[in-house]
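Structure first, then comments.
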Amino acid sequence: MACQDWANTKAAYRFFSNERVSEKEILEGHFNSTRVRATVAKGPLLILHDTTEFSYQREKEASVGVLHRAANGKDYKGRARFQTICGLQMHSSLVVTTEGLPLGLAAARFWTRKKFKGCNALKKKVNPTRVAIEEKESFRWLENLRQASLSCTPSERCVHIGDRAADIYELFCADEQAQTHFLIRTCVDRLAEDGSQTVATEMAKASKLGSHRIVLKNKDGETSEAVLEIKCRTMEVRPPIGKESKYPPLLLTVIHAEERKTPADRPRIDWKLLTNLPVESLSEAIEKLEWYAMRWKIETFHKILKSGCRVEDSKLRSAERLVNLIALCCILSWRIFWMTMVQREVPRASPLAALTEVLLLEEISAAKGRPVPANAKLGFYLLSIARLGGYLARAHDPPPGNIVMWRGLSRLTDLQLGFAIGAKFVGN
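Its first residue numbered 1243, the sequence shown is counted upward by one per residue in this note's numbering.
Here it is as structure tokens:
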């Protein structure tokens, strides 16, 4: 539909299948622009890391790759029947400011599997802690950390943030070598101090640092308050058994934020964060918790990529072509996300910093009976785009989200095309 005719569609197919084109070349310019935006930005830079899957329905799984096997009912003897899910994976690193403004991707890795075995099946044959990190899929965390750290100067500004999948000791050591910082939600009870204690036993001895009240939403969108009890303790964390000779102990800080009462409408909050950032007071601990809460923004980025660009609907047959398409859509998804957030964070900026359709938006606003204010700022024009996407802009409405911005930009593209065609006939 984007190509409009067979000639342009065939050209797109040739582009995605070209052996000289890869995700590296497609994203290189975007990575450079992210580096420029990060250099201009002030304060710490949060680099959010996460892995996502793209699933596809294909008759031949070898062309795309295997994600996992899923239960698909039972056979006539009552035995479980499994179906192979085809697809590929992407590990991305998104740079955001502490205010939540996404500056762009700093790194992205794609890979596929020829076959898949569950973790429990692998543990029967090999101890995962004995396998070198270079032989695991989790090595992508280290690769992205090193590449993303180059996007931020000086390196002390970088704070790498990840969920429990990032609880990798080799990642902590790689962060120390890159002279950056990390803030990871931990799930492994590691050995601590002299090796006779664990992190959990040391945290049990820690006294309560204070309480923090937060407002959050459940899955139905209803708001509620939660009171978190916060503990904090700095200790020496030791490497896994069998890797003591390869990796040194690290002096890290553990922040434990726990909700004592279990609410009825949502899971109880229980965050255990591990960091090499200095934490000496309750306010500094709360700051780190707020930084970790920003991690959800990379989930939003992936949602735009899948729901907005609909990359999982593509019919391209090979993994290489799909990767090129996803890489291209990553840039578009970031721009949608950035325009949504910049309208909230810096609405007083110049419209030329983000848009080239200023005159067209002014004409559309005037046609709708909304006069353009003198020296209109970026927020006015982005709000006009959101209105095209169905945003009502009532007094008590929240700021426009990614969906209405996506719809508005799609409609603006059509209007711009019509404007360009109509301009050819003016005066005839």
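Glycine included, every Cβ here is placed at the ideal spot set by N, Cα and C.
ask   = Where do the N-terminal and C-terminal ends of the beta strand (DSSP E) with isoleucine 1501 fall, by residue?
value = For the sequence presented, residue 1501 should be read as glutamate rather than isoleucine. Note, glutamate 1501: beta strand (DSSP E), 1492 to 1501.
message = Taking 6 angstroms as the limit between beta carbons, can you name the residues of its chain near glutamate 1526, skipping five residues before and five after?
response = none
query = Is the number of C-beta pairs between the stretch 1478 to 1490 and the stretch 1550 to 1561 that are closer than 8 angstroms three or more?
reply = no
query = If you check the beta carbons only, do alanine 1468 and isoleucine 1497 fall under 7 angstroms apart?
reply = no
inquiry  = Between the alpha carbons of threonine 1517 and phenylalanine 1424, how many angstroms are there, rounded?
reply    = 5 angstroms
query = Is it true that the stretch 1585 to 1594 meets the stretch 1653 to 1663, where meeting means three or more beta-carbon pairs spaced less than 8 angstroms apart?
reply = no
message = By the three-class DSSP mapping on this structure, what secondary structure does isoleucine 1511 have?
response = coil
ask   = If you draw a straight line from the alpha carbon of glutamate 1532 to that of cysteine 1400, how long is it in whole angstroms?
value = Distance between the alpha carbons of glutamate 1532 and cysteine 1400 is about 16 angstroms.
key: Touching by the beta-carbon criterion (3+ pairs, under 8 angstroms), the stretch 1558 to 1569 and the stretch 1246 to 1261   = In this structure the stretch 1558 to 1569 touches the stretch 1246 to 1261; the number of beta carbon pairs closer than 8 angstroms is three or more.
request  = Closer than 8 angstroms by C-beta to glutamine 1439: which residues in its own chain qualify, once you throw out the five before and the five after it? Chain order, please.
outcome  = Leu1433
ask   = Whose CA, out of Thr1428, Leu1387, Gly1643, Pro1286, lies closest to the CA of tryptophan 1580?
value = For tryptophan 1580, the closest C-alpha among the options Thr1428, Leu1387, Gly1643, Pro1286 is that of Gly1643.
task = Within the same chain, show all residues whose beta-carbon is closer than 6 angstroms to that of glutamine 1389, passing over the 5 residues directly before and after it, in chain order.
result = Ala1349
inquiry  = DSSP three-state label for methionine 1243, please.
reply    = coil
key: Candidates Ile1578, Lys1666, Lys1610, of which the one nearest serine 1652 by Cα   = Here the closest residue by C-alpha is Ile1578.
inquiry  = Can you list, in chain order, the residues of its chain with a C-beta nearer than 8 angstroms to that of glutamate 1265? Leave out the 5 residues immediately preceding and following it.
reply    = Ala1350, Phe1352, Val1565, Asn1566, Ile1568, Ala1569
message = Between which residues of its own chain and glutamate 1385 is the CB-CB distance below 7 angstroms, once the five residues before and five after are set aside?
response = Arg1351
request  = Out of Trp1383, Ala1304, Met1477, Ile1327, point me to the one whose CA is closest to alanine 1446's CA.
outcome  = Met1477
key: Close-in-space but distant-in-sequence residues of the same chain around methionine 1536 (CB under 8 angstroms, 5 per side omitted)   = Leu1288, Leu1290, Val1338, Thr1340, Gly1342, Ile1403
key: Proximal residues to aspartate 1405 (C-beta, below 6 angstroms), its chain only, five neighbours per side dropped   = Arg1427
inquiry  = Please classify leucine 1601 as buried or exposed, where buried requires at least 16 neighbouring CB atoms within 10 angstroms.
reply    = Flag for leucine 1601 reads exposed.
query = What residue from Ala1407, Ala1416, Leu1493, Ser1397 has the CA that sits closest to valine 1441's CA?
reply = Leu1493
request  = Return the first residue and the last residue of the alpha helix (DSSP H) that alanine 1637 is part of.
outcome  = That residue, alanine 1637, is in no alpha helix (DSSP H); it is neither H nor E in DSSP.
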